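Student: Pasting a structure here, questions to come.
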Amino acid sequence: MKYMLLIYLEEHSLDEADRQACYAESTQLAHQLKANGQYLAASPLQPTTMATSVRVRDGKRFITDGPFAETREQLGGYYLVDAQDLDAAIAIAEQIPMARKGTVEVRPLIEIPGLPGD
């Protein structure tokens, strides 16, 4: 089953040295997951200042700079993995470096037949 591991943290909680160390450790984890046949994708996200939110109401498009919600932690990146079950996905999530400073949300994907790549 595929799981999205969503990484949340306070956006300005890391200095540049900590951020680079996190990227290095995250890259190592991605290679380990690839070797185990579990890696599908991963990436950090640009800061929320680069985000654009889009809503359509009554046929009208509304665009807002930044994220939709003001929260203490922001979505900072993700891993997309293939894991046998929720316990296996949680075991991967706890290895993500930012799990030690923020939160990793584990969400199973709904696989819809007929999407590109199927």
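Here the sequence shown stands for residues 34 to 151, numbered as in our numbering.
Beta carbons are placed, not taken as given, at the ideal position from N, Cα and C, and that holds for glycine.
All values reported here derive from a predicted model rather than from experimental measurement.
1) What beta strand (DSSP E) runs, 3 residues minimum, are completely inside the stretch 109-144?
2) Looking only at its chain, what residues have a beta carbon closer than 6 Å to the beta carbon of G99, apart from the 5 residues adjacent to it on each side?
3) With a cut-off of 8 Å on the beta carbons, I'd call N72 and V114 a contact; round off their distance for me.
4) In whole angstroms, what separates the C-alpha of G92 from that of I145?
5) Could you give the residue range of the beta strand (DSSP E) that holds A74?
6) Taking S59 and A75 to be in contact with their CB atoms under 8 Å, please state how far apart those CB atoms are, rounded to whole angstroms.
7) In whole angstroms, what is the alpha-carbon distance linking E127 and S86?
Tutor: If we stick to the structure as given:
1) Whole beta strand (DSSP E) segments, 3+ residues: 136-141.
2) The count along the sequence shown starts at 1 and reaches residue 99 at position 66. Only T81, A84 meet the Cβ criterion.
3) Counted from its first residue, the sequence shown places residue 72 at position 39. Counted from its first residue, the sequence shown places residue 114 at position 81. In the sequence under discussion, the amino acid at residue 72 is Tyr, which differs from the Asn named in the question. Correct: roughly 7 Å between the Cβ atoms.
4) The residue you call residue 92 lines up with position 59 of the sequence shown. The residue you call residue 145 lines up with position 112 of the sequence shown. For G92 and I145, the distance between alpha carbons rounds to 26 Å.
5) In the sequence shown, residue 74 corresponds to position 41, counting from 1. Residues 72-77.
6) Taking the sequence shown and counting its residues from 1, the one referred to as residue 59 is at position 26. Taking the sequence shown and counting its residues from 1, the one referred to as residue 75 is at position 42. Indeed they touch by this definition, with Cβ atoms about 7 Å apart.
7) Position 94 of the sequence shown, counted from the first residue, corresponds to residue 127. Position 53 of the sequence shown, counted from the first residue, corresponds to residue 86. Straight-line Cα distance between these residues: approximately 29 Å.
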